[in-house]
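Below you'll find the structure, written out as structure tokens, and then a few comments.
Chains as they are written, first to last, in the numbering used here: chain F, 202 to 290; chain A, 55 to 624.
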């Protein structure tokens, strides 16, 4: 019988790449590129819901606007990109 | 397309840029070229011009950095964020930063530009055959000095073309040692080092001393990356060690085991479990040209586009034959308008220009009296303004002379002087061939030296010596022509060929010790394949095609312009 191998992840010394869960990755991405936080005209900050932020990100990236953290969205978040936010703060 | 809030843009069209530092991933000339091409993407469709400054403050300051690199937006290690740039404005605004934890290439794997050897700085050709064996990386095989080399054609055995690969044993970049090679071992803070180190630095860059004692001499440079070097991790610059042991299992190639992100890594010692030394394996890398073109779009005022094929789309993807998307063109032209004025004059077919075979002196309507050998134009319809590229430009008796295919013109030194000529070379210097690669007037003796191919001639008035071979001056036989000559004080002249230059002691007729040297190690910021080099009115000019790079006495490029408009006054 073949027993599925459980992958072993190790912490590599000096690794600057943070190992994150999908949800952590998404939240970090949405915040970093301006989808999650928007500055209201009145001057106070309000948090946009994750679903709204995801939809906004999906629209910008030309993905299907599901508002869900689906695989195409995660794949897009993992792609190398420019560090300039997509939504200006 | 989208612009930044308030349509931020530059209030002038002559934009300046400065490259603050370099990545160890690519030879500096390749980086210069990638940035220049990236700017050209935008200058091709707008009235903008881009001029490179070598010091001072430029509109667009370009730098490489890792993680926290001095602004509020740190990078994140390999992959993820590649670069960022700020919209137009003062200070940090307009600047572009590139993450040096990335592997910077031209998009299709490590680009290895060679030095020395016999291939004139050509890129390595991988794979190449050496003694019947195929090599996909640089090798030290066949050498006893441990210097890595590569073939620059597919078959070294057949073509014998080779060059040396980046190595700290050959050169360094940046620092304060003028590109000298590392000296191992060297002492730093009382400790001895046998290889490049990141000790003493917070930016993660590998460096070495270029004397045996840094504490005493404070001479250092940064180590270029070898093409087999791992990226990031804790062994940056070291090659993978195969096989290596990880969690008790032996690996013969890079693996993603142990990582959740699928990235390939390797150990740089034989046992990761014992030594914990590792790094990411070299990959295709990111095209510096494409990323720079995108970032410069930001620096000019464009925000991210939502069109996937546009350059200003936020995600990176490699395209081989890049052309600017309509959306990007519309965006940048919304800010700066279309390109105005005529395009630069395209190179004229050489048939416009009489061949030397057609300019038989006996058929030309010019006087032949020896007393007036120089001053009567042969054919005023031959227009210097239509010459796309001169054979050589030099100063004779204080006047700028332009040589091309058996003819020459001269520009009187007085202000508003008009170009005179063309004159026939064979009338004034009867023993010279039609094509002159280089010429200079010895300031002490007023002798004229002319170079053409592997030969040179020396004229004293109407008396001539030559032709003699370049080897008589002490130049190696591999030098097939001298492309530029630069007076350095009385009795010394720098002779340029390919990417190198030599210093000639004119009186002794010998090349000084310590030469050749790399042109770009002494004259930074000028093309290293300039075909004319000369000194005029206190400036040094390097010409390539129809352009010149002018360098001041502090060796700063202070102007780049057209030979046609600025020197010929067309």
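All C-beta atoms, glycine included, are put in the ideal place defined by N, C-alpha and C.
Boundaries of the beta strand (DSSP E) in which residue i is found, first to last residue
i: residue 174 of chain A; result: Taken as a continuous stretch (DSSP letters only), residue 174 of chain A belongs to no beta strand (DSSP E), as it is neither H nor E.
i: residue 160 of chain A; result: First-last for residue 160 of chain A: undefined, no H or E at that position.
i: residue 455 of chain A; result: 453-458
i: residue 622 of chain A; result: Careful: residue 622 of chain A lies outside any beta strand (DSSP E) and carries neither H nor E.
i: residue 588 of chain A; result: 586-590
i: residue 345 of chain A; result: Note, residue 345 of chain A: premise wrong, no beta strand (DSSP E); alpha helix (DSSP H) at 342-354.
i: residue 493 of chain A; result: 492-495
i: residue 450 of chain A; result: 446-450
i: residue 298 of chain A; result: 298-300
Beta-carbon contacts of residue i that lie in its chain and below 8 Å, excluding the five residues immediately before and after
i: residue 188 of chain A; result: 181, 182
i: residue 164 of chain A; result: 79, 157, 281, 336, 339
i: residue 486 of chain A; result: 479, 480, 504, 506, 511
i: residue 215 of chain F; result: none
i: residue 546 of chain A; result: 557, 558, 559, 560, 566
i: residue 293 of chain A; result: 280, 282, 283, 284, 322
i: residue 123 of chain A; result: 117, 129, 151, 257
i: residue 223 of chain F; result: 270, 275
Exposed unless 16 or more other CB atoms sit within 10 angstroms - verdict on residue i
i: residue 446 of chain A; result: buried
i: residue 306 of chain A; result: exposed
i: residue 347 of chain A; result: buried
i: residue 619 of chain A; result: exposed
i: residue 429 of chain A; result: In this prediction, residue 429 of chain A scores a pLDDT of 41, lower than 50, which makes its location untrustworthy; no coordinate-derived value is stated.
i: residue 262 of chain F; result: buried
i: residue 273 of chain F; result: exposed
i: residue 354 of chain A; result: buried
i: residue 349 of chain A; result: buried
i: residue 359 of chain A; result: buried
i: residue 471 of chain A; result: exposed
i: residue 366 of chain A; result: buried
i: residue 576 of chain A; result: exposed
i: residue 162 of chain A; result: exposed
Endpoints, the alpha helix (DSSP H) within which residue i is located
i: residue 221 of chain F; result: Counting along the chain, residue 221 of chain F falls outside any alpha helix (DSSP H), and DSSP gives it neither H nor E.
i: residue 89 of chain A; result: 82-97
i: residue 576 of chain A; result: 573-576
i: residue 274 of chain A; result: Counting along the chain, residue 274 of chain A falls outside any alpha helix (DSSP H), though it belongs to the beta strand (DSSP E) covering 274-276.
i: residue 377 of chain A; result: It is not in any alpha helix (DSSP H) - residue 377 of chain A carries neither H nor E in the DSSP assignment.
i: residue 103 of chain A; result: Run containing residue 103 of chain A: none in the alpha helix (DSSP H); it sits in the beta strand (DSSP E), 103-107.
i: residue 261 of chain F; result: 251-261
Own chain, CB closer than 6 Å to residue i, minus 5 neighbours either side, in chain order
i: residue 149 of chain A; result: 115, 140
i: residue 587 of chain A; result: 538, 540, 550, 596
i: residue 81 of chain A; result: 167
i: residue 282 of chain F; result: none
i: residue 252 of chain A; result: 258, 260
i: residue 502 of chain A; result: 495, 513
Residues bridged to residue i [DSSP beta-bridge criterion]
i: residue 523 of chain A; result: A/509
i: residue 267 of chain A; result: A/241
i: residue 474 of chain A; result: A/464
i: residue 539 of chain A; result: A/549
i: residue 138 of chain A; result: A/151
i: residue 260 of chain A; result: In the DSSP output, where bridge partners are listed per residue, residue 260 of chain A has none listed.
i: residue 216 of chain A; result: A/205
i: residue 554 of chain A; result: A/551, A/572
i: residue 116 of chain A; result: A/73, A/150
i: residue 252 of chain A; result: Answer is none; residue 252 of chain A lacks a bridge partner.
i: residue 320 of chain A; result: A/333
i: residue 182 of chain A; result: A/189
i: residue 604 of chain A; result: A/595, A/613
i: residue 309 of chain A; result: A/319
i: residue 169 of chain A; result: A/218
i: residue 227 of chain A; result: A/276
Contacts around residue i, its chain only, beta-carbon distance under 7 Å, and the 5 residues preceding and following it disregarded
i: residue 582 of chain A; result: 83, 553, 573, 574
i: residue 201 of chain A; result: 194, 218, 221, 223, 224
i: residue 214 of chain A; result: none
i: residue 580 of chain A; result: 596, 603, 605, 611
i: residue 58 of chain A; result: 141, 355, 357
i: residue 242 of chain A; result: 253, 254, 263, 268, 269
i: residue 173 of chain A; result: 206, 215, 216, 217
i: residue 101 of chain A; result: 67, 390, 391, 393, 394
Any C-beta of chain D under 8 Å from that of residue i
i: residue 76 of chain A; result: The structure shown contains no chain D; the protein chains it does contain are F and A.
Report yes or no: do three or more beta-carbon pairs, one from the region 259-274 of chain F and one from the region 334-349 of chain A, lie closer than 8 Å? They do not touch, by the three-pair rule.
Counting Cβ pairs, one atom from each stretch, are 3 or more of them under 8 Å apart for the region 89-100 of chain A and the region 117-137 of chain A? no
Sufficient close CB pairs (3 or more, under 8 Å) joining the region 315-335 of chain A to the region 105-120 of chain A: Touching, no.
Report yes or no: do the region 172-181 of chain A and the region 197-216 of chain A share at least 3 C-beta pairs separated by less than 8 Å? yes
Between the region 592-608 of chain A and the region 527-534 of chain A, do at least 3 Cβ pairs fall closer than 8 Å? no
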